[in-house]
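Chemist:
Protein chains: 2
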Amino acid sequence: MAEQIRAAYQGERGAFSETAARRLLGASMTGVPYNSFESIFAAVRNGEADCCVAPIENSLAGSIHRNYDLVLESDLTIIGETNLRIVHHLIAPPLTSSSVEIAGLRRVYSHPVALAQCTRFFAANPALEPVAVHDTAGAARLVVERGRGDEAAIASSDAASIYGGRVLASGIEDHPQNFTRFLLLASPHSGITNQEEPRRWKMSLMFRVPNKPGSLFRALGAFAVFDIDLSKIESRPVEGRPWEYAFYLDIIGRENDPKVEQALNSLRAMAEMVKVLGCYPTRW
Amino acid sequence: MAEQIRAAYQGERGAFSETAARRLLGASMTGVPYNSFESIFAAVRNGEADCCVAPIENSLAGSIHRNYDLVLESDLTIIGETNLRIVHHLIAPPLTSSSVEIAGLRRVYSHPVALAQCTRFFAANPALEPVAVHDTAGAARLVVERGRGDEAAIASSDAASIYGGRVLASGIEDHPQNFTRFLLLASPHSGITNQEEPRRWKMSLMFRVPNKPGSLFRALGAFAVFDIDLSKIESRPVEGRPWEYAFYLDIIGRENDPKVEQALNSLRAMAEMVKVLGCYPTRW
Chain A
4 MAEQIRAAYQ GERGAFSETA ARRLLGASMT GVPYNSFESI FAAVRNGEAD
54 CCVAPIENSL AGSIHRNYDL VLESDLTIIG ETNLRIVHHL IAPPLTSSSV
104 EIAGLRRVYS HPVALAQCTR FFAANPALEP VAVHDTAGAA RLVVERGRGD
154 EAAIASSDAA SIYGGRVLAS GIEDHPQNFT RFLLLASPHS GITNQEEPRR
204 WKMSLMFRVP NKPGSLFRAL GAFAVFDIDL SKIESRPVEG RPWEYAFYLD
254 IIGRENDPKV EQALNSLRAM AEMVKVLGCY PTRW
Chain B
4 MAEQIRAAYQ GERGAFSETA ARRLLGASMT GVPYNSFESI FAAVRNGEAD
54 CCVAPIENSL AGSIHRNYDL VLESDLTIIG ETNLRIVHHL IAPPLTSSSV
104 EIAGLRRVYS HPVALAQCTR FFAANPALEP VAVHDTAGAA RLVVERGRGD
154 EAAIASSDAA SIYGGRVLAS GIEDHPQNFT RFLLLASPHS GITNQEEPRR
204 WKMSLMFRVP NKPGSLFRAL GAFAVFDIDL SKIESRPVEG RPWEYAFYLD
254 IIGRENDPKV EQALNSLRAM AEMVKVLGCY PTRW
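Read top to bottom, the protein sequences are chains A and B.
In terms of this note's numbering, the first sequence opens at residue 4 and continues consecutively.
In terms of this note's numbering, the second sequence opens at residue 4 and continues consecutively.
1. If you measure between the beta carbons of isoleucine 81/A and alanine 117/A, is that distance less than 8 Å?
2. For the beta strand (DSSP E) that proline 96/B lies in, which residues bound it at each end?
3. Whose C-alpha, out of Ala143/B, Ala30/B, Ala23/B and Val74/B, is nearest the C-alpha of glutamate 84/B?
4. Taking the C-alpha atoms as reference points, what is the distance between glutamate 154/B and asparagine 86/A?
5. Could you round the C-beta distance between alanine 163/A and isoleucine 94/A to whole angstroms and report it? I think they count as a contact, below 8 Å.
6. What does phenylalanine 220/B reach in chain A if we use C-beta pairs closer than 8 Å?
7. Mind pulling the chain A residues with CB within less than 7 Å of isoleucine 231/B?
8. Verify the CB distance criterion: does serine 62/B have a CB-CB separation below 8 Å to chain A?
9. Going by Cα to Cα distance, which pick from Val147/A, Phe40/A and Phe182/A is closest to valine 74/A?
10. From the DSSP secondary-structure annotation, give me the bridge partner or partners of proline 278/B.
11. What distance in whole Å lies between the Cβ atoms of alanine 227/A and valine 212/A, which are believed to be in contact at a cut-off of 8 Å?
12. Is there at least one Cβ from chain B nearer than 8 Å to histidine 114/A's Cβ?
13. Would you give the residue range spanned by the alpha helix (DSSP H) that proline 115/B belongs to?
14. At a Cβ cut of 7 Å, what residues of the segment 66-96 of chain B count as close to chain A, listed as they run along the chain?
15. Would you tell me roughly how many angstroms separate the C-alpha atoms of aspartate 2/A and proline 179/B, rounded to the nearest one?
16. Between proline 97/A and glycine 168/A, what straight-line distance do the alpha-carbon atoms span, to the nearest angstrom?
17. Taking DSSP as the reference, what is the three-state secondary structure of threonine 183/B?
18. Here's the rule: buried if 16 or more other CB atoms are within 10 angstroms of the residue's CB, otherwise exposed. What is histidine 192/A?
19. Of the residues that make up the segment 107-131 of chain B, which ones have a beta carbon closer than 7 Å to any beta carbon in chain A?
20. Could you compute how far the alpha carbon of alanine 272/B sits from the alpha carbon of glutamine 13/A?
21. Pick from Val134/B, Pro115/B and Asn214/B: whose alpha carbon is nearest that of isoleucine 255/A?
22. When DSSP builds the beta bridges, which residues end up paired with alanine 10/A?
23. Going by DSSP, what residue range makes up the alpha helix (DSSP H) through phenylalanine 229/A?
24. What's the gap between the Cα of leucine 233/A and the Cα of alanine 57/A?
25. Counting along the chain, where does the beta strand (DSSP E) carrying proline 133/A start and finish?
26. Alpha carbon to alpha carbon, how far is arginine 69/A from aspartate 260/A? Give it in angstroms, no decimals.
27. Taking methionine 209/A as the reference, which of Pro201/A, Arg123/A, Leu219/A and Gln7/A has the closest Cα?
28. Determine the chain B residues that contact valine 136/A at a beta-carbon separation under 7 Å, and present them in chain order.
29. Would a check of beta-carbon distances place isoleucine 236/B closer than 8 Å to chain A?
30. Is the separation between the beta-carbon of asparagine 181/A and that of isoleucine 89/A shorter than 8 Å?
31. Classify glutamine 120/B as buried or exposed, calling it buried when 16 or more other Cβ atoms lie within 10 Å of its own Cβ.
32. Applying the criterion that 16 or more other CB atoms from any shown protein chain within 10 Å of the CB defines a buried residue, is glycine 29/A buried or exposed?
33. Is serine 31/A close to chain B, meaning its C-beta is less than 8 Å from at least one C-beta of that chain?
34. Using C-beta distances below 8 Å, list every residue in its chain close to arginine 149/A, excluding the 5 sequence neighbours before and after it, in chain order.
35. Could you pull out every residue in the same chain whose Cβ sits closer than 6 Å to the Cβ of serine 207/A, ignoring the five residues on either side in sequence?
36. Mark serine 159/B as exposed unless 16 or more other C-beta atoms lie within 10 angstroms of its C-beta, in which case mark it buried.
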């Protein structure tokens with residue numbers, strides 16, 4: 004593996020995905036920004052990047068099914084994960100005048116999801132007009148480039164550092180329990196490893212069972228009889244098959260463990276479809 | 004119940020939530036728009052509205068945990084649900100000149116989520132600049148008010164009708180399987196009923212079981228032994244308790260059914276928390 008691992012992510016430089024990539028791969032990694040989630044998977048496929056980092060669920064906003072689909076359609080495997088606390092910062096241009104503080108601001112730019120996560124801040128500062136743009140990091144870049152005394156952005160502290168913005172306030176989000184889980188994906192045998200200290204192994208899979216009462220119960224029984232712990236389960240309607248469901252399941256365990264192997268064999272015997280999305284060491 | 008049921012929803016007039024409210028309550032209902040999800044629950048609490056309609060999950064973007072929290076914290080009960088296919092329309096001002104077509108457009112306004120759901124349309128029309136604003140319906144209002152020949156919005160067909168916009172293209176979203184599920188909530192005994200033809204009863208609940216292997220399996224066993232079908236299950240990490248999970252569960256069944264009662268009793272005997280969020284007739 005080359006020293007400089009190239010990690011594709013969605014967003015501009017300073018996006019939360021880039022921060023997640025740095026945590027997963029260490030400071031020496033090279034982030035490669037793309038406009039869309041589709042593009043980051045394509046970048047690994049066509050060799051523009053060695054791996055990609057994709058948000059998969061948020062503690063307030065839920066699972067990002069679109070990215071589950073992209074994982075499922077791709078030949079990539081999950082090789083790591085991290086959880087990032089989403090902390091919003093109010094970022095102003097680096098003016099020399101010390102008089103420019105929150106009181107002097109009129110417009111605050113950010114992604115609408117970030118704006119919506121800071122409603123208490125806006126309620127406490129009614130003179131500020133929230134203005135929606137495409138990207139939190141892009142908002143920080145914009146206000147620093149324009150250098151006006153009445154404009155600020157809401158973005159990550161990394162975005163403030165990268166674009167040379169000045170942080171006027173930190174932690175302005177309504178809910179401190181705002182976490183996003185990111186997956187690290189690469190081709191099997193890429194040799195890339197998660198740089199975070201792992202505490203256990205996790206396996207992520209997707210399966211579909213026949214649509215009858217008790218079928219999920221029996222499927223989970225395959226794991227319960229071996230005392231295998233679950234860390235996530237979620238049903239999702241199957242496209243074009245009303246009343247049928249697929250399931251996302253994360254279990255605590257490792258591929259080569261005979262109990263895990265046996266549980267997977269049992270699941271395969273009763274399921275219409277089983278796909279292992281990856282097995283990876285994790286802190287989480 | 005008065006003829007004119009007042010339904011609180013988030014967004015401007017013509018928002019997808021308003022369309023969902025009309026489906027659930029019939030054409031005679033009065034929609035009351037609010038800026039935030041918090042406000043629609045507060046509106047029912049303080050008597051400004053008789054009920055509220057909240058999106059709870061999207062087939063591409065997942066469950067809206069924030070709204071589950073608001074349901075859980077509130078004294079309201081779920082009395083109905085609907086699924087709305089999200090169809091995006093390109094909406095221009097009603098110019099008399101027939102020369103204004105897609106070729107003449109330069110800027111297209113919408114909510115960033117809607118813009119992101121129309122990437123193929125923008126790839127096919129590279130001269131168009133997507134501009135992010137807070138609300139799809141608000142974007143339609145904006146372009147009709149400004150009346151420029153080079154601006155359009157992406158919003159619902161209802162928004163086009165309400166603001167008098169002209170639909171230049173329909174169904175421009177990338178994924179036709181883009182559905183949002185909305186809940187209808189009211190105080191218990193409100194007497195409000197879902198106007199859609201129901202085909203079955205559903206019960207939505209939330210529960211928490213001790214964090215040990217097999218506890219979810221046993222909890223689902225309470226329903227499996229009575230052949231009660233599940234239509235949704237999702238785990239969610241419990242705030243402030245790492246590695247613990249709460250579960251959202253939708254079952255097919257009715258409160259007064261002795262089997263459902265017995266299953267709930269069994270679940271209560273093994274769970275740390277069980278809350279029934281509502282029991283309602285549904286087409287879905």
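Every residue gets a Cβ at the ideal spot worked out from N, C-alpha and C, and that includes glycine.
Modeler: The answer reads as follows:
1. no
2. It is not in any beta strand (DSSP E) - proline 96/B carries neither H nor E in the DSSP assignment.
3. Ala23/B
4. Cα-Cα distance, rounded: 40 Å.
5. 5 Å
6. Phe220, Leu223, Gly224, Phe226 and Ala227
7. Pro216
8. yes
9. Phe40/A
10. As written in the sequence, residue 278/B is lysine, which differs from the proline given in the question. Per the DSSP secondary-structure output, lysine 278/B pairs in a beta bridge with Met209/B.
11. Wrong, their Cβ atoms sit about 15 Å apart, outside the cutoff.
12. The Cβ of histidine 114/A sits closer than 8 Å to at least one Cβ of chain B.
13. 115-119
14. Ser66, Ile67, His68 and Arg69
15. Limits of chain A in this structure are 4 at one end and 287 at the other, which puts residue 2/A out of reach.
16. 6 Å
17. strand
18. exposed
19. His114, Pro115 and Thr122
20. The straight-line gap from Cα to Cα measures roughly 46 Å.
21. Asn214/B
22. Gly34/A and Cys54/A
23. Segment: none, phenylalanine 229/A is in no alpha helix (DSSP H) and carries neither H nor E.
24. Roughly 22 Å separates the two Cα atoms.
25. 132-135
26. The C-alpha of arginine 69/A is placed about 31 Å away from the C-alpha of aspartate 260/A.
27. Checked all of Pro201/A, Arg123/A, Leu219/A and Gln7/A; the closest Cα to methionine 209/A is Leu219/A.
28. Ala135
29. yes
30. yes
31. buried
32. Flag for glycine 29/A reads exposed.
33. Chain B, which has no Cβ nearer than 8 Å to the Cβ of serine 31/A, makes this no.
34. Cβ within range, chain order: Pro96.
35. Ile81, Asp253, Leu280 and Gly281
36. Counting the other CB atoms within 10 Å of its CB gives serine 159/B a total of 16 or more, which places it among the buried residues.
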